[in-house]
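For the sequence shown, the numbering used here gives the first residue as 2, with consecutive numbering after it.
We treat Cβ as the ideally placed atom computed from N, Cα and C, and that holds for glycine.
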Amino acid sequence: MYQVGEYLLYGGHGVCVIDDVAEKLFSGKEKLYYVLHPISYPDLKLYYPVDGDQSKLKKMLSAEEAKNLMNIFKQPAKEWIEKNTDLNQFFNSVFSSENRKELAELLNTLLRRKIQFENEGKKLPIQETKLLEEASNLLYNELAITLSTTKDAISKQINEMVAASQ
2 MYQVGEYLLY GGHGVCVIDD VAEKLFSGKE KLYYVLHPIS YPDLKLYYPV DGDQSKLKKM
62 LSAEEAKNLM NIFKQPAKEW IEKNTDLNQF FNSVFSSENR KELAELLNTL LRRKIQFENE
122 GKKLPIQETK LLEEASNLLY NELAITLSTT KDAISKQINE MVAASQ
């Protein structure tokens with residue numbers, strides 16, 4: 002059982018903190034629930050049954066895992082998927098699997114594409130900009146908490162690593 006104050010990942014909500022463990026009445030049944038809030042949306046409350054499918058709640062990365070993940074941003078971009086439907090399908094599979102390595106590789110590729118577009122005097126397409134925002138929000142929050150720093154500091158460090166390895 003997770004504890005109040007503990008951070009974890011919960012699906013597409015990203016990093017959440019457990020505010021409480023409480024009995025709640027939903028659909029006429031009283032059960033014990035984790036009361037969570039995503040750190041990106043502090044006013045949003047989520048309820049997850051303590052006896053629910055625990056595979057949907059993920060432990061945070063360890064500091065060592067986070068540092069290893071950061072090294073992905075020193076590597077070249079992965080091959081880009083040009084077809085929008087295939088790109089959306091890939092992106093959805095990365096998000097639903099919650100595989101942080103794949104998410105970091107996708108983010109690395111998006112950051113490098115953004116630089117490439119900017120160097121050509123263009124803007125990153127809207128769909129890719131949205132993907133970049135979602136991926137960075139999820140990953141930067143987790144890295145910041147795990148490494149005891151801020152999301153802005155993580156963003157700056159990753160952008161510097163990507164720029165230095167162009």
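How many whole angstroms separate the CB atoms of residue i and residue j, which I take to be in contact at a CB cut-off of 8 angstroms?
i: N142; j: I40; result: 6 angstroms
i: A136; j: L108; result: 4 angstroms
i: G15; j: N138; result: 7 angstroms
Using DSSP with H/G/I as helix, E/B as strand and the rest coil, what is residue i?
i: A78; result: coil
i: Y48; result: strand
i: K84; result: coil
i: V5; result: coil
i: K123; result: coil
i: D54; result: coil
Assign residue i to one of two classes, buried (16 or more other C-beta atoms within 10 Å of its C-beta) or exposed (fewer than that).
i: L70; result: buried
i: E106; result: buried
i: F92; result: buried
i: E129; result: buried
i: Y42; result: exposed
Hey, would you say residue i sits closer than 9 angstroms to residue j, going by beta carbons?
i: L125; j: K115; result: yes
i: Y34; j: V51; result: yes
i: V163; j: L112; result: yes
i: L148; j: K68; result: yes
i: N146; j: Y8; result: Checking the displayed sequence, the identity of residue 146 turns out to be Ile instead of Asn. The answer is yes: Cβ separation under 9 angstroms.
i: Y11; j: L47; result: yes
What are the start and end residues of the alpha helix (DSSP H) that includes residue i?
i: Y141; result: 127-147
i: I40; result: Unbroken run through I40: none, as it is neither H nor E.
i: K68; result: 64-71
i: E161; result: 152-165
Counting along the chain, where does the beta strand (DSSP E) carrying residue i start and finish?
i: E99; result: Run containing E99: none; DSSP gives neither H nor E here.
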